[in-house]
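A.B. asks:
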């Protein structure tokens, strides 16, 4: 009589498990690449102040009817701060939750034609954004007349 050891009979099962695990990991990586959409600014971004280099907030960028908008999700330096520089309805309202970017349309790898609002300065600027480094960085440029400032935001 010939007996197989339990160890020998498990080898094919280990191979099947390893192949299945590799297939699941590959599918997960493909799904992540597909759903992360590095060609779109939609997502959460850490804002970096171009004057101080400090990470100031997290802005959630979203799309509605083909237009790009941005809302302050969280303030990192001054959580719970109120917009004391704002006028009208927004005066002394929380900055967290405030829509600070609106109306940008896609145009050949950039989004423009909208506005961005700086609650600290109570100023609204024309805005253009574009992605760099495979979608990991977002360049955000605000224009006031012929002058502009550009910030680099980091995808979360």
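Residue numbers (mature numbering (1 follows the signal peptide of the UniProt record, and there is no 0)): -33 to -1, 1 to 123.
Built from N, CA and C at the ideal position, the CB exists for glycine as well.
With a Cβ-Cβ cutoff of 8 Å, do residue 12 and residue 122 count as a contact?
C.D. replies: On the chain shown, residue 12 is found 45 positions in, with the first residue counted as 1. On the chain shown, residue 122 is found 155 positions in, with the first residue counted as 1. It is a contact, given that the beta carbons lie within the stated cut-off.
A.B. asks: Have a look at 42, 32, 30, 9 and flag the residue whose alpha-carbon is nearest the alpha-carbon of residue 15.
C.D. replies: In the chain shown, residue 15 corresponds to position 48, counting from 1. Cα-wise, what sits closest to residue 15 is 42.
A.B. asks: Spatial neighbours of residue 93 within its chain, please: C-beta separation below 6 Å, excluding the five flanking residues on both sides.
C.D. replies: The count along the chain shown starts at 1 and reaches residue 93 at position 126. Answer for residue 93: 110, listed in chain order.
A.B. asks: Could you spell out where the beta strand (DSSP E) holding residue 23 opens and where it closes?
C.D. replies: Translated into the one-based positions of the chain shown, residue 23 becomes position 56. 22 to 31 is the span of the beta strand (DSSP E), which, as asked, contains residue 23.
A.B. asks: Rounded to whole angstroms, what is the Cα-Cα separation between residue 60 and residue 51?
C.D. replies: Working through the chain shown from its first residue, we reach residue 60 at position 93. Working through the chain shown from its first residue, we reach residue 51 at position 84. When rounded, the distance between both Cα atoms is 8 Å.
A.B. asks: According to DSSP, is residue 76 part of a helix, a strand, or is it coil?
C.D. replies: Mapped onto the chain shown, residue 76 falls at position 109. In this structure, residue 76 counts as coil in the three-state DSSP scheme.
A.B. asks: In or out: residue 44 buried (at least 16 other Cβ within 10 Å) or exposed?
C.D. replies: Start at 1 with the first residue of the chain shown, and residue 44 comes out as number 77. By the neighbour-count rule (16 or more Cβ atoms within 10 Å), residue 44 is not buried but exposed.
A.B. asks: Can you list, in chain order, the residues of its chain with a C-beta nearer than 6 Å to that of residue 78? Leave out the 5 residues immediately preceding and following it.
C.D. replies: Sequence index remark: in the chain shown, residue 78 carries index 111 (1-based). 35, 71, 96.
A.B. asks: Is residue 112 helix, strand or coil when you go by DSSP?
C.D. replies: For the purposes of this step, residue 112 is taken as the residue at position 145 of the chain shown. Three-state result, residue 112: coil.
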